[in-house]
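Novice: Before I ask anything, here is the structure I am working with.
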Amino acid sequence: MATMTAAQKRAQAKAEYDAFLAVCPSRKLLDRISDKWVALILAALGGGGSHQLGADCAGEPRAMRYSELARLLAGVSQKMLTQTLRSLERDGLITRTATPTVPVTVSYELTDLGLSLHQLMRGLKTWAETHMDDVLASRATYDARTA
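Using UniProt numbering, the final residue of the sequence shown is 147, and nothing's skipped along the way.
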């Protein structure tokens with residue numbers, strides 16, 4: 001029986017990731033990043049935080065304070081925003097920087113890993129905004145047909 005190094009074990013496990021399996025860690029990650037608040041936080045930190053009519057998501061990534069994110073993400077509770085930011089920090093997608101002021105200033109910024117995910121999520125957000133009228137029309141047609 002051959003002994004495997006830790007690096008070899010990690011490489012083998014990585015090759016075997018399969019999100020279709022309930023026990024696979026990649027499924028848990030997929031579950032986390034498919035959350036609506038994750039998508040919106042990534043869009044905001046990635047520069048797509050403007051919600052003005054006609055604005056696109058192509059702004060420059062920037063750090064944002066907690067209060068800025070809370071104002072921008074209409075409907076998110078303080079608890080949900082805090083939990084989501086902590087999970088994104090734990091996964092290495094954002095960094096949290098606390099500046100010792102009175103009161104303490106906390107800002108969040110995308111890491112390189114977070115920027116790579118942001119590129120994908122920006123496309124989903126744009127698709128949803130572009131095709132919302134089509135989806136609403138399809139829903140109305142379906143609801144009329146099944147009523």
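We treat Cβ as the ideally placed atom computed from N, Cα and C, and that holds for glycine.
When DSSP labels each residue in this structure, what does residue 98 get in the three-state scheme?
Specialist: strand
Novice: I need the boundaries of the alpha helix (DSSP H) containing residue 66, first residue and last residue.
Specialist: 66-72
Novice: How is the beta strand (DSSP E) around residue 109 delimited, first residue to last?
Specialist: 105-110
Novice: Let me make sure I understand the geometry here. Which of 102, 115, 84 has the alpha-carbon closest to that of residue 61?
Specialist: Selected option, being the one with the closest Cα: 115.
Novice: Could you spell out the range, first to last residue, of the alpha helix (DSSP H) harbouring residue 43?
Specialist: 36-43
Novice: Is the beta carbon of residue 44 less than 9 angstroms from the beta carbon of residue 88?
Specialist: The answer is no: Cβ separation not under 9 angstroms.
Novice: Check this for me: beta carbons of residue 132 and residue 39, under 9 angstroms apart or not?
Specialist: Against a cut-off of 9 angstroms, the Cβ pair of residue 39 and residue 132 comes out as no contact.
Novice: Is it buried or exposed, residue 84, if we count other Cβ atoms within 10 angstroms and call 16 or more buried?
Specialist: buried
Novice: Rounding to the nearest angstrom, what Cα-Cα distance links residue 90 and residue 105 in this structure?
Specialist: 20 angstroms
Novice: Which first and last residues belong to the alpha helix (DSSP H) in which residue 81 is found?
Specialist: 78-90
Novice: Alpha carbons only, please: which of 110, 79, 80, 102 is nearest the one belonging to residue 94?
Specialist: Minimum Cα distance to residue 94 is reached at 110.
Novice: If distances are taken between C-alpha atoms only, which option among 17, 63, 37, 146 comes closest to residue 79?
Specialist: 37
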